[in-house]
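In terms of the working numbering, the sequence shown has 136 at position 121, counting the first letter as 1, and numbering is strictly consecutive.
Even for Gly, the Cβ is constructed at its ideal location relative to N, Cα and C.
Bear in mind that the values here come from a model prediction, so they are computed numbers and not experimental data.
These notes are about the structure you will find just below.
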Amino acid sequence: MVKCQVVMDALERIAPKRLAEDWDNPGLLVGAFNQDIRKILVCLDVSDAVVEQAVKTGANMIVAHHPLIFKGIKKIRTDLPLGARLQNLLKHDIAVAAAHTNLDIAVGGVNDVLAEAIGLGKLSTFVITSQEEDGTVESLGRIGSLPAPMEVTDFARQIREALPTEHVRLVNAGPRPVRKVALCSGSGAEFIQKAAFMGADAYVTGDVKYHEAQTAVEMGMHVIDAGHFATEFPVVEVLCERLAAELAEYHMEVIADTESGDFFTIV
Ligand SMILES: [Zn+2]
16 MVKCQVVMDA LERIAPKRLA EDWDNPGLLV GAFNQDIRKI LVCLDVSDAV VEQAVKTGAN
76 MIVAHHPLIF KGIKKIRTDL PLGARLQNLL KHDIAVAAAH TNLDIAVGGV NDVLAEAIGL
136 GKLSTFVITS QEEDGTVESL GRIGSLPAPM EVTDFARQIR EALPTEHVRL VNAGPRPVRK
196 VALCSGSGAE FIQKAAFMGA DAYVTGDVKY HEAQTAVEMG MHVIDAGHFA TEFPVVEVLC
256 ERLAAELAEY HMEVIADTES GDFFTIV
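Given below as structure tokens:
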């Protein structure tokens, strides 16, 4: 058992809050820093199913990628999903923390996990979010390269096999082989032009819309939309292992959500 503060310090070492975007809401969102934590459940979203999983397994802290509370709330209506969930969490004394864009940006975070999963090496920064005086540069997304050029359909299949999804959507921009790849986990379609300008042969992200796909084709760059869920979910297991390692001296039990899936299914 450790104090919640100790868990938050461990999370800070993995995904420092200063890396987060201004609009984001990472950190401890429910619970108390002086609360005793027995067991931690790591997940992407704090869904009702995840809260049930925590109750069932005896986890009294949930560490999620997506913040449960994003904007200011003016009422806690327990007949609505968020209010009911907050009530359930408080009733069971379950603390909730989030590491969102700070975990996207952090070294070894969501984007690095995605890059490794889909076979990219020689990673460098993509969308710069901060630049320190000592020369340290932080970025959302990564640019990397494949060991050898590939046909884009083969690359799309490779991504499908690597990620927790049964399909990916390929925006094929023509016969251009793929070697240099830009990526942004989750919803990264806003960076399509930037990826093209940086010379990427293909861009991997989720949540791409029709006209965004059109832009990519017009700029001669392939896009592989592997889905918001599938591009982010692999970090859950990694974050679970890293938290367990950070808290090893306390023998803290950290488990990963293995039950959640994508909202989208194909029929
Ligand atoms: Zn996301």
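Determine, using beta carbons only, whether residue i comes closer than 8 Å to chain B.
i           : result
proline 162 : Looking at the structure shown, chain B is missing, and only one protein chain is on hand.
Taking only heavy atoms of ligand 1 into account, decide whether any of them is closer than 7 Å to the Cβ of residue i.
i             : result
glycine 136   : no
glutamate 247 : yes
glycine 87    : no
histidine 243 : yes
histidine 226 : no
glycine 201   : yes
histidine 80  : yes
Would you say residue i and residue j are within 8 Å of each other, going by their C-beta atoms?
i              : j              : result
threonine 168  : alanine 245    : no
isoleucine 109 : serine 139     : no
lysine 195     : aspartate 216  : yes
arginine 100   : aspartate 63   : yes
valine 250     : histidine 81   : no
leucine 262    : valine 65      : no
serine 202     : asparagine 126 : no
alanine 204    : glutamate 227  : yes
methionine 23  : alanine 114    : no
aspartate 272  : cysteine 58    : yes
valine 78      : leucine 26     : yes
Using alpha carbons as the reference points, say which of the options lies closest to residue i.
i                 : options                        : result
glycine 124       : Arg257, Glu268, Ile84          : Arg257
valine 122        : Met267, Val22, Ile29, Phe170   : Ile29
isoleucine 143    : Gly134, Lys90, Ala171, Met213  : Met213
threonine 220     : Val232, Cys255, Met76, Gly156  : Gly156
phenylalanine 342 : Gly73, Glu36, Thr230, Pro190   : With the chain represented from 16 up to 282, any question about residue 342 goes unanswered, as that position is not in the structure.
tryptophan 38     : Ala171, Pro31, Phe85           : Phe85
phenylalanine 141 : Lys90, Ala130, Ser154          : Ser154
proline 164       : Arg191, Arg175, Ile174, Gln146 : Arg191
leucine 118       : Pro31, Gln68, Leu105, Val232   : Pro31
phenylalanine 278 : Gly242, Ala188, Gln146         : Gly242
What distance in whole Å lies between the Cβ atoms of residue j and residue i, which are believed to be in contact at a cut-off of 8 Å?
i             : j          : result
isoleucine 55 : valine 269 : 5 Å
valine 128    : valine 253 : 5 Å
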